[in-house]
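Structure first, commentary second.
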Ligand SMILES: [Zn+2]
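Numbering (the numbering used here), first residue to last: 111 to 451.
Put into structure tokens, the structure is as follows:
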């Protein structure tokens, strides 16, 4: 009745003199609803920098003292890839380092740093920093899939600062490649397929056509459309939809450049609106599979501002009912963000 699969994430651990470490991760799925969870007991041991500080400035200063992701420590304190994933200990591109997550929740789960600097406000990331970080991330996706063909669903994720769930302050993204899409990615893939079956039209193309004339549309840069969601699952939610592109690992240099231009403007607009912490994620089709009915999208939501005590924006409705209570009007958010474009 119940489905449980155990996968092992393997990497060379800095805590064991870079000997190979295998951490079991349980993937459990509810048979009635398909809702899934993942369990890695080791994660309870990870350092959460947010819990040791009492104010926003103190959080930045204190977390810098022994930061694992700062240049002076990164090579000693972060795991190395086993040789089957990368012939180099870590994948590098510009200032970005990609390395295995020390406390993974996917069989293939890496971390990529965004900048050399320990802390940046969200409107200060440079074009080069974000482009290099994305290129390094895509290299990781492709290398994992080359080694493990079953691992084909890549996801690109950015938690910024503790209110968003980030345990480390130093800006970084998390890269997962799974055998199966996440619950929500799977839902998007399935409903897109069904839409095509019923109407013989691409849902995403229809969506963009519809939203272009709406108050929620922000801008188009290259082949990427930016707009707020009609029924958001987070505050200040913004989507980027990539025309005729299904899989994130296939992004061209032009698409990356256009995306980064848009993202920087959104983050600038967010900053002016008082946002300091956010989550960003991608919904991608599988590596090497042509999905004509599905377009890649990225979602960004704001999270509470870091401070000594803050009210979480996820309560019983969000966590136990999976219903989001939103505090912002999507049409107003779009109006604010359009000013940056
Ligand atoms: Zn740092």
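C-beta atoms are modelled at their ideal positions from N, C-alpha and C, and glycine is treated no differently.
Whole-number beta carbon distance between residue j and residue i, since they are thought to touch under 8 Å
| i | j | result |
| --- | --- | --- |
| residue 261 | residue 246 | The pair is not a contact, with the Cβ atoms about 18 Å apart (cut-off 8 Å). |
| residue 133 | residue 114 | The pair is not a contact, with the Cβ atoms about 16 Å apart (cut-off 8 Å). |
| residue 190 | residue 209 | 7 Å |
| residue 392 | residue 265 | 6 Å |
Cutoff 7 Å: residue i Cβ touching any chain B Cβ
| i | result |
| --- | --- |
| residue 380 | No chain B is part of this structure, which consists of one protein chain only. |
Beta-carbon gap between residue i and residue j smaller than 7 Å
| i | j | result |
| --- | --- | --- |
| residue 351 | residue 335 | yes |
| residue 414 | residue 166 | no |
| residue 366 | residue 232 | no |
| residue 403 | residue 312 | yes |
| residue 292 | residue 158 | no |
| residue 411 | residue 255 | no |
| residue 337 | residue 331 | no |
| residue 375 | residue 450 | yes |
| residue 194 | residue 263 | no |
Alpha-carbon to alpha-carbon, residue j and residue i
| i | j | result |
| --- | --- | --- |
| residue 301 | residue 250 | 29 Å |
| residue 154 | residue 325 | 44 Å |
| residue 125 | residue 178 | 12 Å |
| residue 453 | residue 349 | Because residue 453 is not part of the residues shown, which for the chain are 111 to 451, the question remains open. |
| residue 424 | residue 434 | 8 Å |
| residue 316 | residue 248 | 28 Å |
| residue 436 | residue 426 | 13 Å |
| residue 204 | residue 252 | 18 Å |
| residue 358 | residue 207 | 19 Å |
| residue 379 | residue 269 | 18 Å |
| residue 288 | residue 428 | 25 Å |
| residue 235 | residue 308 | 43 Å |
| residue 323 | residue 399 | 32 Å |
| residue 181 | residue 173 | 14 Å |
Of the residues the options, the one placed nearest residue i, counting alpha carbons only
| i | options | result |
| --- | --- | --- |
| residue 116 | 128, 362, 139, 202 | 139 |
| residue 169 | 199, 272, 349, 327 | 272 |
| residue 409 | 402, 275, 295 | 295 |
| residue 142 | 171, 150, 112 | 112 |
| residue 144 | 180, 444, 297, 431 | 297 |
| residue 128 | 387, 283, 242, 212 | 212 |
| residue 445 | 183, 318, 383 | 383 |
| residue 342 | 440, 274, 375 | 440 |
| residue 267 | 421, 192, 388 | 388 |
| residue 122 | 188, 310, 227, 401 | 188 |
Residues of its chain near residue i, where Cβ-Cβ distance is below 6 Å and the 5 sequence neighbours each way are ignored
| i | result |
| --- | --- |
| residue 137 | 115, 148 |
| residue 225 | 239, 281 |
Spatial neighbours of residue i in its chain, beta-carbon cut-off 7 Å, leaving aside the 5 residues before and after
| i | result |
| --- | --- |
| residue 369 | 334, 350 |
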